[in-house]
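Undergrad: Quick note: the sequence shown, position 199, residue 199 per the numbering used here, numbers continuous.
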Amino acid sequence: MVQELVTAGVALASVGAVYGMAAARVIKQYERGVVFRLGRLRPRVRGPGLTMIVPLADRLYKVNLQIVTLPIPAQEGITRDNVTVRVDAVVYFKVTSPADAIVRVEDYRFAVSQMAQTSLRSIIGKSELDDLLSNREKLNQGLELMMDSPAVEWGVTIDRVEIKDVSLPETMKRSMARQAEADRERRARVINADAELQASKKLAEAAQQMAQTPSALQLRLLQTVVAVAAEKNSTLVLPFPVELLRFLERAQQGPAQEQRTPLGTRADPAAEGARPGQD
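Okay, structure coming up:
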């Protein structure tokens, strides 16, 4: 009798152990459990830790609540200004309602991926090329709003959307390069013209100052000679100043007048003024 009781106890313990192993489930900290009992959704969502289900009657689905990084394949489209581009992006989303993510949509990852591709093609057609290249923050916000509305019904929240790269045709790249080069050349010419204008004003002021003091022109010439003479590998051609010619001319006129007028005598202005044949 005792042996039969021991055997029955061991059998019950074995059955209990098998039942416990079949009913026990472990849910991680970043997961939540959704239980279906005979096909019906149980209202309580199982939290992290050890949880028990009814074997053969319950089915447990684990839903990850971490932020998912989903790359969007490159989508080709035509912008509003008729430029063909290829744009790829990345979507960051997370599940906020595990029950809705399991019940309302078959595969929420696939659904978010397809919705992101459709929204990206739509935003390409509504935008211009300059917006895709320089105003991405506004486009990212537009993509997020377009995706967030239907995703909320699936128990998914779009955290953010980022456009990664915009690929342009080679012809468009060359055209943009020529445009940028022409714009830089235009600015360089404007800067050079402005510099010439300022330099001409300064030169005019300097010319006025030198006209008042002619010796300043000689000093400036000597400064130029000193600056050029520092380079020993150059030949210096020095222009002959006009002022020096005038100085030499005045110097020659002085001895000529002294030769015409004897030393020690004074010229009589009345006698010099009288001409032969006049009384």
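A virtual CB, placed ideally from N, CA and C, is assigned to each residue, including glycine. Given the structure is predicted, the values throughout are model-derived calculations rather than measurements.
What did DSSP end up calling R44 once you bin it into helix, strand or coil?
TA: coil
Undergrad: Under 8 Å by Cβ, that's how I've got G142 and G77 pegged, so tell me the actual separation to the nearest angstrom.
TA: About 15 Å separates the two Cβ atoms, so there is no contact after all.
Undergrad: Are the beta-carbon atoms of E170 and N140 separated by less than 7 Å?
TA: no
Undergrad: Buried or exposed: T69, going by 16 or more other Cβ atoms within 10 Å of its Cβ?
TA: Exposed is the label assigned to T69, since fewer than 16 other Cβ atoms lie within 10 Å of its Cβ.
Undergrad: Alpha carbon to alpha carbon, what distance is there between Y92 and G39?
TA: Roughly 32 Å between the two C-alpha positions.
Undergrad: Could you tell me whether the Cβ atoms of A151 and L120 are closer together than 7 Å?
TA: no
Undergrad: Quick check for students: name the residue ranges of the alpha helix (DSSP H) that lie wholly in the stretch 1-61, counting only runs of 4 or more.
TA: 2-23
Undergrad: Going by beta carbon distance, what residues of the same chain come within less than 8 Å of Q209, once the five residues before and after it are set aside?
TA: A216
Undergrad: Could you spell out where the alpha helix (DSSP H) holding D100 opens and where it closes?
TA: P98 to V103
Undergrad: Over what stretch of residues does the beta strand (DSSP E) that includes M214 continue unbroken?
TA: Note that residue 214 is Pro in the sequence shown, not Met. P214 -> no beta strand (DSSP E), and no H or E assigned at all.
Undergrad: Hey, which unbroken runs of the alpha helix (DSSP H) at 4 residues or more fall wholly within the stretch 113-194?
TA: 129-134 and 136-153
Undergrad: Note down the Cα distance separating A8 from V35, rounded to an integer number of angstroms.
TA: 33 Å
Undergrad: List the endpoints of the continuous beta strand (DSSP E) containing V280.
TA: Absent from the structure is residue 280, since the part of the chain shown begins at 1 and ends at 279.
Undergrad: Please name the residue in Y108, A229 and S200 whose C-alpha comes closest to that of V156.
TA: The shortest C-alpha separation from V156 is found at Y108.
Undergrad: From the DSSP output, which residues share a beta bridge with E76?
TA: R86
Undergrad: Quick check: V166 and V85, are their CB atoms within less than 7 Å of each other?
TA: yes
Undergrad: State the Cα-Cα distance for the pair L203 and A230, rounded to the nearest angstrom.
TA: 24 Å
Undergrad: DSSP state of T69, grouped into three classes?
TA: strand
Undergrad: Among Q218, T118 and E181, which residue has its Cα nearest to the Cα of E144?
TA: T118
Undergrad: Report back the beta-carbon spacing between K94 and Q66 to the nearest angstrom; my notes put them in contact at under 8 Å.
TA: Yes, they are in contact, since the Cβ atoms of K94 and Q66 sit about 7 Å apart, within 8 Å.
Undergrad: Please classify S149: is it buried, with 16 or more other beta-carbons within 10 angstroms of its beta-carbon, or exposed?
TA: exposed
Undergrad: Express the C-alpha separation of V15 and A111 in angstroms, rounding to a whole number.
TA: For the pair A111 and V15, the Cα-to-Cα distance works out to about 43 Å.
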